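Here is the structure we will look at.
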Amino acid sequence: GAPGAKGEAEADEPALLAFPAREEIATGCGVIVCPGGGYGGLAMDHEGHQVAAWLNERGISAWILRYRLGSKGYHHPIQKGDVLRAIRYVRHGASSAGVDPNRIGIWGFSAGGHLASTAATHFDAGDRDASDPIDRVSSRPDFAILCYPVITMKEPFTHQGSRRNLLGADRYDDAALVKLLSNEDQVSEQTPPTFLFHTTEDQGVPVENSLAFYSALRQK
Numbered sequence: 303g304a305p306g307a308k309g310e311a312e313a314d315e316p317a318l319l320a321f322p323a324r325e326e327i328a329t330g331c332g333v334i335v336c337p338g339g340g341y342g343g344l345a346m347d348h349e350g351h352q353v354a355a356w357l358n359e360r361g362i363s364a365w366i367l368r369y370r371l372g373s374k375g376y377h378h379p380i381q382k383g384d385v386l387r388a389i390r391y392v393r394h395g396a397s398s399a400g401v402d403p404n405r406i407g408i409w410g411f412s413a414g415g416h417l418a419s420t421a422a423t424h425f426d427a428g429d430r431d432a433s434d435p436i437d438r439v440s441s442r443p444d445f446a447i448l449c450y451p452v453i454t455m456k457e458p459f460t461h462q463g464s465r466r467n468l469l470g471a472d473r474y475d476d477a478a479l480v481k482l483l484s485n486e487d488q489v490s491e492q493t494p495p496t497f498l499f500h501t502t503e504d505q506g507v508p509v510e511n512s513l514a515f516y517s518a519l520r521q522k
């Protein structure tokens, strides 16, 4: 079972759905896709399968991450563990999948964008002494793509549902946790190159989320 699993149902088991690029057009690049859904659901079609197909058409291998959700009783740090494990898993098996281990990106939408930005700011180099060889591998993505991402947990621009599902009702106002997971505050010189896209008309996730992350990237 997965670390922290509360049962053995599908909702208790994170998964990676693999969509390898056709060998004749493969570029050697791989992308892990994080669908959105406010940490309460997963938009697996338009922010998952359609994105994987788009990547495959361009010779890029894709993996859709089915991470665990607050609506199923899972809160931070479970989601962070799921996404970092996904990056390690893909990188560990990259050569057998025809992917360059140094060309593995993360692409997230909305709350999945928060999870992708978490991967881009909360990664680690791996544990060289781990008994599991996958845990020895770096979880740092080589690039990030953030589409109308939730970035901040702070008022007034946070997405309330994402914050509630990620932190849990009992930790919703935990100031230290809010700061830790406001990823505009976690950008460093090691954060990978990031491509952001968002619109000012977005009524769900204010564009200020992307602007804050962009500004932090510029500063670092």
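Sequential numbering from 303 applies to the sequence shown in the numbering used here.
Glycine is no exception: its CB is placed at the ideal position from the N, C-alpha and C atoms.
Predicted, not measured: the structure shown is a model, and the values here were computed from it.
Nearest in C-alpha terms to THR454, of all of LYS308, ARG430 and LEU482, is LEU482.
Assigned with DSSP and collapsed to three states, GLY372 falls in helix. In the DSSP annotation of this structure, the continuous segment of the alpha helix (DSSP H) that includes LEU357 starts and ends at 352–359. For the pair of segments examined, the segment 381–397 was found to touch the segment 435–444: the number of CB pairs separated by less than 8 Å reaches three. Sequence-distant Cβ neighbours of GLU325 in its own chain, meaning closer than 8 Å and more than five residues away, are GLY400. Beta-bridge analysis with DSSP links VAL335 to ILE366 and TRP409.
Unbroken beta strand (DSSP E) runs of no fewer than 3 residues, entirely contained in the segment 429–509, are found at 445–449 and 496–499, following chain order. Rounded to whole angstroms, the Cβ separation of GLY350 and ILE334 is 11 Å, and the two are not in contact under 8 Å. Per DSSP, the beta-bridge partners of ALA320 are TRP365. The C-alpha of PRO305 is placed about 25 Å away from the C-alpha of GLN488. Per DSSP, reduced to three states, the secondary structure at HIS377 is coil, with no helix or strand assignment. For ASP434, the closest alpha carbon among the candidates HIS394, GLY339 and ILE447 is that of HIS394. When rounded, the separation of the alpha-carbon atoms in ASN404 and GLU359 is 21 Å. A contact between stretches requires three or more CB pairs, one per stretch, nearer than 8 Å, and the segment 493–501 fails this requirement with the segment 469–476. Considering only VAL353, GLY303, GLY361 and THR329, the residue with the shortest C-alpha distance to ASP384 is GLY303.
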